[in-house]
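These notes concern the structure reproduced below.
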Amino acid sequence: MQELTHLDQLEAEAIYIIREVAAECENPVMLYSIGKDSSVMLHLALKAFYPEKPPFPFMHIDTTWKFKEMIEFRDRKAKEFGIEMIVHSNEEGIRQGINPFDHGSAYTDIMKTQALKQGLDKYGFTVAFGGGRRDEEKSRAKERIFSFRNKNHAWDPKNQRPEMWKLFNTRINKGESIRVFPLSNWTEKDIWQYIRRENIDIVPLYSAAVRPIVNRDGHIIMVDDERMKLEPGEKIEMKKIRFRTLGCYPLTGGVESDAVTLDEIIEETLGAVSSERTSRVIDQEAAGSMERRKREGYF
Amino acid sequence: MKSLLKFITCGSVDDGKSTLIGHMLYDAKLLFADQERALELDSKLGSRGGKIDYSLLLDGLLAEREQGITIDVAYRYFTTSHRSFIVADTPGHEEYTRNMAVGASFADLAVILVDATKGVITQTKRHARICALMGIKHLVLAVNKMDLVDFDRKKFEAIKEEFFQTTAEFQIQSIQVIPVSATEGDNITTKSPNTPWYEGLALLPYLENVDVHTSNDSKAFMMPVQRVCRPDHTFRGFQGQIEAGKISVGDELTTLPSREKAKVKRILVTDQDRDTAYAGQPVTIQLDREVDVSRGNVLTTDNEIQEADSFASTILWMDDSVLTPGKHYWVKVGTKTLPGTVTAITHKIDINTGNTVPADRIVKNELAKCEFSLSDSIVFDSFEENKSIGGFILIDRVTNMTSACGVIDHALQSSNRFAALDTEITREVRAQQKGQTPLTVWFSGSQSDQSALAKEVEKRLVSSGYHTMLLENSQGESLRRVAEIAKVLNDAGLIALVSYDSSNASDLEAAREIIGKEYIEVNADDASRSSLEEAANAVVKRVVKDVIAQYPNSVSYDI
Chain Y
1 MQELTHLDQL
11 EAEAIYIIRE
21 VAAECENPVM
31 LYSIGKDSSV
41 MLHLALKAFY
51 PEKPPFPFMH
61 IDTTWKFKEM
71 IEFRDRKAKE
81 FGIEMIVHSN
91 EEGIRQGINP
101 FDHGSAYTDI
111 MKTQALKQGL
121 DKYGFTVAFG
131 GGRRDEEKSR
141 AKERIFSFRN
151 KNHAWDPKNQ
161 RPEMWKLFNT
171 RINKGESIRV
181 FPLSNWTEKD
191 IWQYIRRENI
201 DIVPLYSAAV
211 RPIVNRDGHI
221 IMVDDERMKL
231 EPGEKIEMKK
241 IRFRTLGCYP
251 LTGGVESDAV
261 TLDEIIEETL
271 GAVSSERTSR
281 VIDQEAAGSM
291 ERRKREGYF
Chain G
1 MKSLLKFITC
11 GSVDDGKSTL
21 IGHMLYDAKL
31 LFADQERALE
41 LDSKLGSRGG
51 KIDYSLLLDG
61 LLAEREQGIT
71 IDVAYRYFTT
81 SHRSFIVADT
91 PGHEEYTRNM
101 AVGASFADLA
111 VILVDATKGV
121 ITQTKRHARI
131 CALMGIKHLV
141 LAVNKMDLVD
151 FDRKKFEAIK
161 EEFFQTTAEF
171 QIQSIQVIPV
181 SATEGDNITT
191 KSPNTPWYEG
201 LALLPYLENV
211 DVHTSNDSKA
221 FMMPVQRVCR
231 PDHTFRGFQG
241 QIEAGKISVG
251 DELTTLPSRE
261 KAKVKRILVT
271 DQDRDTAYAG
281 QPVTIQLDRE
291 VDVSRGNVLT
301 TDNEIQEADS
311 FASTILWMDD
321 SVLTPGKHYW
331 VKVGTKTLPG
341 TVTAITHKID
351 INTGNTVPAD
361 RIVKNELAKC
371 EFSLSDSIVF
381 DSFEENKSIG
391 GFILIDRVTN
401 MTSACGVIDH
411 ALQSSNRFAA
421 LDTEITREVR
431 AQQKGQTPLT
441 VWFSGSQSDQ
451 SALAKEVEKR
461 LVSSGYHTML
471 LENSQGESLR
481 RVAEIAKVLN
491 DAGLIALVSY
501 DSSNASDLEA
511 AREIIGKEYI
521 EVNADDASRS
531 SLEEAANAVV
541 KRVVKDVIAQ
551 YPNSVSYDI
């Protein structure tokens, strides 16, 4: 008699999903955002196929505004695990000088959403794994694990395919694609507990350290390089901070914290008074903004 | 470590379903502070005059907010000191039956709501039926709005009795009936002083303690193979999730359908070596000898598990299009996907009452007993015994929509399977006698008259001394049957010409699979660009080229 713990069950579910994709789908890719969820998803992919390497490449959509430590971490991990890591950026956006300071939500669209579509189309990927979780946002809470996208990479929440038992439907017509979310049923707590249980390496930015920051509209923004444009009256301070989510540094708010070790981070997170997306500046728009972006093709 | 309970809530907005879950999370302090703020903010915009509307926590999609109803499954996650929970909140209206089924297929337990002022209604019966069909074994009936009936015990007992009668026909292991008030909070997280006569636990403590762990370990070992792991020539392992029983290094198991015996040499649970692995675990199994096993096959110690290619089943139709017998679908059972046809609709089942209703077509959200057959036999078990190889989905071959889900009731005697008797007079002997290579020419098409072209081709072949037979599909005849007849004709040494009313790539693939390599495909839609004469000549040329290649001295066709 052996009852699996909830982490065992979540792990088994994710591995089952990842293997189904590898077995049934033509040209899958695993999106890798370097964050903690991506680290968990990569770890699961390594476990799912062991002793074989994951039979698909990984892809990072690089906006060119990620924290420096993230990029170092990405390259180090790809080498360590011997996996193929594709890095794609929207070259046209770079040429036009699109940046998070001057272009607001257009920046997210051009450097993230459009770049993702380009990357998928460029390599002809028909299926892309993403680290999205249903506990992150209300519209995501209703999304299927195998989430179908039309030729324009758009999601139609009103016409989702029924998903029964573990019988995932992976069939698509030419030009269409599927996003697969193996971590759909994981919560932020589960992610942290699993990171501890499996001893998964994460980017040091999750851990508190003294870092150069400015305080902007109530958000703690780290000054990660010389491209950071200071507004009148702003001055750089040194504060002990850490990040609960990672993304583009000018758009990612840190929190003041003394949590350095994994246990301290987990203790702080599990007792958190704020669900994690509050620290993502782009989610502070009107309620339902995530659903709108997804309809337009945002991951 | 904590266990995980996956449950579903069924009921309509009017029953206060979203409010119930919202209130449970709120009372149990299971919300993050900013979600709580958002909830209070959202409520101010709502119609309840600033009082917290707990349902806003769960109704996520914009369209739903506009309509004020829950149209799709929303998943919520919470943890108490005892257990982790995933709750699928599903829509209650009949038109969203399929969405409810999605939620139910994922859950171990269902919380069904009824309004105490209305009692068990048609909808309640429908919900119980869908939950049972999808394999849920544990039910909680939450009798809500008890405050509106003054916590009347008699009313409660009457509802309870009726619910037991309603569910008597289903295979349910446990039922708990709880009097609650979702808006006021009675018996949600703590026992209410308003119901001193109720002896059971409040809803949340009940969910924390209920045992839904069906002992799969005592069953025989069974694992559908997801993929074969072959990193190099020294390693070959079978990867999948153990669906029943356990397996240890040294155990002997049987491969299905090849029915070979082999011993377990090594077990990896994910990336760790283990002596024994249990139901629910993802494993890689290495055997001590070479066996013929690929994706869709099954490893087992159960000698009872059978194979068949036609089945009686219960299905829930979920597509906007109508189910008509004879149409081809992809059928996915366990890890196996193959072409299949619904051969007959036995009858419809009234989803509310369970009564049988004669029917020749099934529309969205209807339940029916159907027979279906597959292009090949598969390893299966009844849904009651083994959910993972007893449940299936039907996928539309054009739109790729998941058109239906269903459960296998039992296998059917496949009376329409036949093959030539194996004697010394082989296919080759028969072919020699006629001086031709037997083959099948498959005329497909959807816009043109492939039948006229096939007839024209046959005329020319016969007049040149070939032995042929022309088949045409009548309405609804299964593709598999037509293909099998063609194969028998080939075995008899004949050239079979088939005119079939479809140009669907997967149909053709299925036909090719049955007939084998002596197969020529003619797309009449393409051929119709030239005249019938020219098109027929072109086809005859292809046929003759094949024949001459094998029998250089046979009759040649002079164009």
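Residue numbers (the UniProt record's numbering), protein chains in the order written: chain Y, 1 to 299; chain G, 1 to 559.
C-beta: ideal position from N, C-alpha, C; glycine also.
Contact of Asp135(Y) with chain G by beta-carbon distance below 7 Å involves Tyr77. Contact check for Tyr500(G) and Phe443(G): beta-carbon distance about 7 Å, within the 8 Å limit, so the pair qualifies. For a Cβ distance threshold of 8 Å, residue set Leu167 of chain Y lies close to Phe392(G), ordered along the chain. Your pair Ala452(G) and Leu532(G) checks out as a contact, with CB atoms roughly 6 Å apart and the cut at 8 Å. Following the DSSP letters along the chain, one finds Asn215(Y) inside the beta strand (DSSP E) bounded by residues 209-216.
In the three-state reduction of the DSSP assignment, Pro196(G) falls in the coil class. If you ignore the 5 residues before and after Phe235(G), its C-beta comes within less than 8 Å of the C-beta of Cys229, Gln286, all in its own chain and listed in chain order. Measuring C-alpha to C-alpha distances from Trp330(G) to each of Gly354(G), Ile495(G), Ser375(G), Val149(G) identifies Ser375(G) as the nearest. Against chain Y, a Cβ distance below 9 Å from Thr255(G) picks out nothing, because the smallest value is about 18 Å.
Put simply, of Lys6(G), Ile159(G), Leu109(G) the residue whose alpha carbon is nearest the alpha carbon of Thr117(G) is Ile159(G).
Beta-bridge partners assigned by DSSP to Met146(G): none are found. Taking Pro157(Y) as reference, the option from Arg144(Y), Trp165(Y), Lys166(Y), Lys151(Y) with the minimal CA-CA separation is Arg144(Y). If one requires a minimum length of 4 residues, the alpha helix (DSSP H) runs lying completely within the stretch 349-427 of chain G are 387-390, in chain order. 8 Å or more divides the Cβ of Lys240(Y) from the Cβ of Glu264(Y). The beta carbon of Val298(G) is closer than 6 Å to those of Pro224, Leu256, Val379 in its chain, skipping five residues each way along the sequence. Thr190(G) has its alpha-carbon roughly 19 Å from the corresponding atom of Asp152(G). Following the DSSP letters along the chain, one finds Pro205(G) inside the alpha helix (DSSP H) bounded by residues 203-209.
Note that the stretch 90-98 of chain G does not touch the stretch 200-220 of chain Y; fewer than 3 beta-carbon pairs, one per stretch, sit closer than 8 Å. The stretch 69-89 of chain G and the stretch 3-10 of chain G touch, with no fewer than 3 CB-CB distances between them shorter than 8 Å.
If you draw a 10 Å sphere on the C-beta of Gly218(Y), you find fewer than 16 other C-beta atoms in it, and that means exposed. In this structure Thr195(G) does not touch Met134(G) by the C-beta definition: roughly 31 Å separates them, more than the 8 Å allowed. Ile389(G) places its beta carbon less than 8 Å from that of Asp381(G). Secondary structure in the stretch 49-131 of chain Y: the beta strand (DSSP E) runs of 3 residues or longer, each lying completely within the stretch, are 58-61, 85-88, 127-129 in chain order. When DSSP states are grouped into helix, strand and coil, Leu246(Y) belongs to the coil group. Rounded to the nearest angstrom, the gap between the Cα atoms of Lys174(Y) and Gln450(G) is 27 Å. Rounded to the nearest whole angstrom, the C-alpha separation of Leu203(G) and Gly103(G) is 20 Å.
Leu287(G) has Val264(G) as its beta-bridge partners, per DSSP.
Rounded to whole angstroms, the gap between the alpha carbons of Val212(G) and Gly131(Y) is 29 Å. Within the DSSP secondary-structure output, Ser499(G) pairs in a beta bridge with Phe443(G), Glu472(G).
Residue environment for Asn355(G): exposed (fewer than 16 other C-beta atoms within 10 angstroms of its C-beta). Taking all protein chains shown into account, Thr423(G) has fewer than 16 neighbouring C-beta atoms within 10 Å of its C-beta and is therefore exposed.
The C-beta of Glu3(Y) comes closer than 8 Å to at least one C-beta of chain G. When Arg289(G), Gln165(G), Glu157(G), Gln171(G) are compared, the shortest CA-CA separation from Tyr198(G) is found for Glu157(G). The criterion of a C-beta distance shorter than 8 Å is not satisfied by Met164(Y) and Cys131(G). The C-beta of Tyr194(Y) comes no closer than 8 Å to any C-beta of chain G.
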